[in-house]
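In what follows, a single structure is set out as structure tokens and then discussed.
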Amino acid sequence: MKIGILYLCTGKYTVFWPEFYKNFEKNFLPGCPKTYLVFTDAPQIAHEAEPNVRRIEQEALPWPYSTMERFRIFLTREQELREFDYLFYANANLECRGPILPEEILPRGGRETLVAVCHLPYYGKPPRFHPYDRNPRSRACIPYNCGQYYVAGGLNGGQAGSYLALCRELARRTQEDLDHGVIARQHDESQLNRMVAEHPEWFRILGPEFCVPEETPVPNERIRVLQKNRFLDVSAVKGRSTPQNFIQRKWEAFRLNWLPYLWWARDTLLHKTLK
1009 MKIGILYLCT GKYTVFWPEF YKNFEKNFLP GCPKTYLVFT DAPQIAHEAE
1059 PNVRRIEQEA LPWPYSTMER FRIFLTREQE LREFDYLFYA NANLECRGPI
1109 LPEEILPRGG RETLVAVCHL PYYGKPPRFH PYDRNPRSRA CIPYNCGQYY
1159 VAGGLNGGQA GSYLALCREL ARRTQEDLDH GVIARQHDES QLNRMVAEHP
1209 EWFRILGPEF CVPEETPVPN ERIRVLQKNR FLDVSAVKGR STPQNFIQRK
1259 WEAFRLNWLP YLWWARDTLL HKTLK
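Using this note's numbering, read the sequence shown as starting at 1009 and increasing by one per residue.
The following block contains the structure:
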């Protein structure tokens, strides 16, 4: 069983790679042959002399294209990726908290050939409060009366053929949005959530313990998301946010906590569906 790990680290994100490799090599599907395909603009990376590490040249794209274009980036190596049985994309700052075994994380067969992980802050909340893209002009749009899970963009994968098909479809939808001057709300994560909403039967949906933010630990965490700002200046990569004034903060609270009820009622009465 050959596992391909897709790892994207351009610019300052290369800081995570040395420990990521050692941690995943020890804990992620131990005993399974793993190959790390590292897409980076760094001329050299740690561990690149290892036979299971392939450094792939990738220019650093400006935010948010660095995350939004990841499906297209992976497809530049589609033929190479077909040699694997399973492919997994992992965020640069993930850390296994112990051994992750095949029966815990691999799809279980049948129509279920892909894997996604629930996003901890939205786990158990009604879908109308999920941060789906609601813009009807976007291919990632999900009406307020649709959807079930909200999955994180930081860890996903599955059988190689199915995952490459997913990458092709989401890359196509992303480009279609860009051609119309649209960027999905949460970029690649929004596109992935739309696919999960359309075809939940294709996905093994893992609990949020497989993608736990370091700042909000849970007792049974399996994979931790390290805080980026401990390692790099995130605002330099994504841009600095403007502080909100009192009125803006009140409006944001109203928008998040009360408006979803109105939009859910509207979409339910209009019988909105995932077209």
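Heads up, the beta-carbon is just placed ideally off N, CA and C, and yes, glycines get one too.
Reduced DSSP secondary structure (H/G/I, E/B, other) of residue i
| i | result |
| --- | --- |
| residue 1093 | coil |
| residue 1003 | What is shown of the chain runs 1009 to 1283, which leaves residue 1003 out entirely. |
| residue 1022 | helix |
| residue 1217 | helix |
| residue 1165 | strand |
| residue 1048 | strand |
| residue 1154 | coil |
| residue 1281 | coil |
| residue 1175 | helix |
| residue 1182 | helix |
| residue 1276 | helix |
| residue 1147 | coil |
| residue 1068 | coil |
| residue 1160 | strand |
| residue 1257 | helix |
| residue 1063 | strand |
Straight-line gap, residue i to residue j (C-alpha atoms, nearest Å)
| i | j | result |
| --- | --- | --- |
| residue 1211 | residue 1121 | 6 Å |
| residue 1062 | residue 1043 | 8 Å |
| residue 1011 | residue 1113 | 12 Å |
| residue 1227 | residue 1187 | 44 Å |
| residue 1193 | residue 1256 | 19 Å |
| residue 1233 | residue 1031 | 13 Å |
| residue 1088 | residue 1148 | 28 Å |
| residue 1150 | residue 1136 | 10 Å |
| residue 1251 | residue 1243 | 13 Å |
| residue 1269 | residue 1040 | 47 Å |
| residue 1058 | residue 1249 | 40 Å |
| residue 1091 | residue 1155 | 34 Å |
| residue 1189 | residue 1196 | 16 Å |
| residue 1282 | residue 1047 | 34 Å |
Same chain, Cβ closer than 7 Å to residue i, five either side skipped, listed in chain order
| i | result |
| --- | --- |
| residue 1174 | 1122 and 1203 |
Whole-Å CB distance - residue i paired with residue j, under 8 Å assumed
| i | j | result |
| --- | --- | --- |
| residue 1231 | residue 1126 | Rounded, the Cβ-Cβ distance is 12 Å, inconsistent with contact. |
| residue 1267 | residue 1218 | So it is not a contact: roughly 31 Å between Cβ atoms. |
Any non-hydrogen atom of the ligand MN closer than 7 Å to residue i Cβ
| i | result |
| --- | --- |
| residue 1100 | Looking for the ligand MN in the displayed structure turns up nothing, as the structure carries no ligands at all. |
Cβ-based neighbour list, residue i, same chain, cut-off 6 Å, excluding 5 preceding and 5 following
| i | result |
| --- | --- |
| residue 1029 | 1055 |
Same chain, Cβ closer than 8 Å to residue i, five either side skipped, listed in chain order
| i | result |
| --- | --- |
| residue 1183 | 1080 |
Taking only runs that begin and end inside the region 1076-1137, name each unbroken beta strand (DSSP E) of 3 or more residues, in chain order. 1094-1098, 1102-1104 and 1122-1126
Please specify which runs of the beta strand (DSSP E), each continuous and at least 3 residues long, are wholly inside the region 1189-1233, giving them in chain order. 1211-1214 and 1231-1233
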